[in-house]
Amino acid sequence: MQLLRDIAQLRAWRAALGERPDLGFVPTMGALHAGHLSLVEASRARDAVTAASIFVNPTQFGPNEDFDRYPRTLEQDCARLERAGVAAVFAPEAAAMYPSGDATRIEVEGLSARLDGASRPGHFRGVATVVAKLLHLVAPARAYFGQKDAAQVAVLRRMAHDLFLPVETVVCPIVREPDGVAMSSRNQLLSPAGRAAARALPRALRAMGAAYAAGERGAAALVALGEAEIAREPGLRLDFLRAVDGETLLPVDAARPGALFAVAAFAGATRLIDNAHLDAAGQWRM
Ligand code: PAF
99 MQLLRDIAQL RAWRAALGER PDLGFVPTMG ALHAGHLSLV EASRARDAVT
149 AASIFVNPTQ FGPNEDFDRY PRTLEQDCAR LERAGVAAVF APEAAAMYPS
199 GDATRIEVEG LSARLDGASR PGHFRGVATV VAKLLHLVAP ARAYFGQKDA
249 AQVAVLRRMA HDLFLPVETV VCPIVREPDG VAMSSRNQLL SPAGRAAARA
299 LPRALRAMGA AYAAGERGAA ALVALGEAEI AREPGLRLDF LRAVDGETLL
349 PVDAARPGAL FAVAAFAGAT RLIDNAHLDA AGQWRM
């Protein structure tokens with residue numbers, strides 16, 4: 099596996115692959131877990147070559163967020179990616195991605211201000227900007243993202259479509275710990291009590307799924323049920339639980355195929371997210 103530390107090295111590696119290789123790309127911020135590795139596996143199953151990036155992107159963190167605390171485990175991450183069959187990892191410094199004078203940002207209007215974008219102003223501008231830069235440099239046929247970041251997926255799909263990027267966006271299911279908590283690099287930041295409290299998120303989504311299976315279709319009723327479940331957990335402070343359309347992130351009244359039930363909550367200083375959605379066949383997926 100090649101570790102590419104700057105843009106010149108990435109360009110040289112990419113040029114050697116030729117014009118339109120069957121290349122899959124997994125962008126990450128490192129601190130890799132089984133969720134990330136499932137994206138790598140999906141690419142390995144489909145693409146001739148898989149590349150990944152590890153970059154804790156400063157522009158997607160707000161001034162009082164956890165940029166400094168975000169776990170950084172480059173050596174371990176590279177070892178895991180190598181074992182998983184990744185051909186190259188791009189791990190640049192912030193100054194390479196945002197050199198002095200850098201002034202261009204990608205704003206996906208509307209979508210960027212919904213769900214997590216409402217709670218984290220500027221977050222999706224940072225995500226869209228760095229992903230646009232990465233896709234431009236890596237020029238993959240396919241890029242892989244996790245369904246856990248459902249709002250990010252909606253923003254990035256819109257961006258790729260609007261900018262005519264010749265890349266297919268592949269979305270992989272949420273990978274969960276045995277107790278149901280969605281895998282996240284931020285789980286490492288939780289205290290034992292916070293980690294226990296985090297279970298209320300999948301518990302709320304499961305309760306909503308059970309009500310849906312029993313025939314409840316009202317979005318407000320399902321959301322109220324989930325909120326009540328989270329309110330029973332004193333270790334969590336709810337940011338939002340919303341029923342929206344998975345593509346536009348606009349509110350929906352009824353649980354229909356394509357609906358997304360997204361939740362965000364704080365355990366101490368750590369913000370956790372999770373979601374469930376209704377697939378095209380109306381199955382509750384989480
Ligand atoms: O999902 C993430 O880890 C990040 O938001 C991404 C897509 C790598 C951009 O920094």
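Following the numbering used here, the numbering of the sequence shown begins with 99 at its first residue and continues without gaps. Don't be surprised by glycine CBs; every beta carbon is placed ideally from N, CA and C. Remember, it's a predicted structure, so these values are computed and weren't measured experimentally.
By DSSP's assignment, residue 274 forms a beta bridge with 280. In terms of Cβ geometry, residue 363 and residue 337 form a close pair [threshold 8 angstroms]. Annotated as proximal: residue 249 and residue 213, with beta-carbon spacing under 8 angstroms. Under DSSP, residue 111 shares a beta bridge with no residue. Residue 373 has 360 as its beta-bridge partners, per DSSP. Around the C-beta of residue 158, 16 or more other C-beta atoms lie within 10 Å, and the residue is accordingly described as buried. When distances are taken from the beta-carbon of residue 368 to the heavy atoms of ligand 1, even the shortest one reaches 7 angstroms or more. For residue 174, the enclosing alpha helix (DSSP H) covers residues 172–181. The closest heavy atom of ligand 1 lies less than 7 angstroms from the beta carbon of residue 225.
Put simply, the stretch 160–169 does not touch the stretch 250–263. Fewer than three CB pairs are less than 8 angstroms apart. A distance below 8 angstroms between beta-carbons, with the five flanking residues on each side excluded, links residue 373 to the following residues of its chain, in chain order: 245, 246, 248, 272, 303, 358, 359, 360, 361, 384.
In this structure, ligand 1 has no non-hydrogen atom nearer than 7 angstroms to the beta-carbon of residue 269.
In terms of Cβ geometry, residue 277 and residue 317 do not form a close pair [threshold 8 angstroms]. Closest by C-alpha distance to residue 333, out of 132, 321, 288, is 288. In chain order, 125, 188, 232 place their CB closer than 6 angstroms to the CB of residue 151, counting only its own chain and leaving out the 5 sequence neighbours on each side. In the structure shown, residue 352 adopts extended strand secondary structure according to DSSP, grouped into three states. Ordered by chain, the residues meeting the criterion of a beta-carbon within less than 6 angstroms of a non-hydrogen atom of ligand 1 are 125, 126, 127, 155, 158, 225, 228, 229, 247, 250. The C-alpha of residue 219 is placed about 37 angstroms away from the C-alpha of residue 113.
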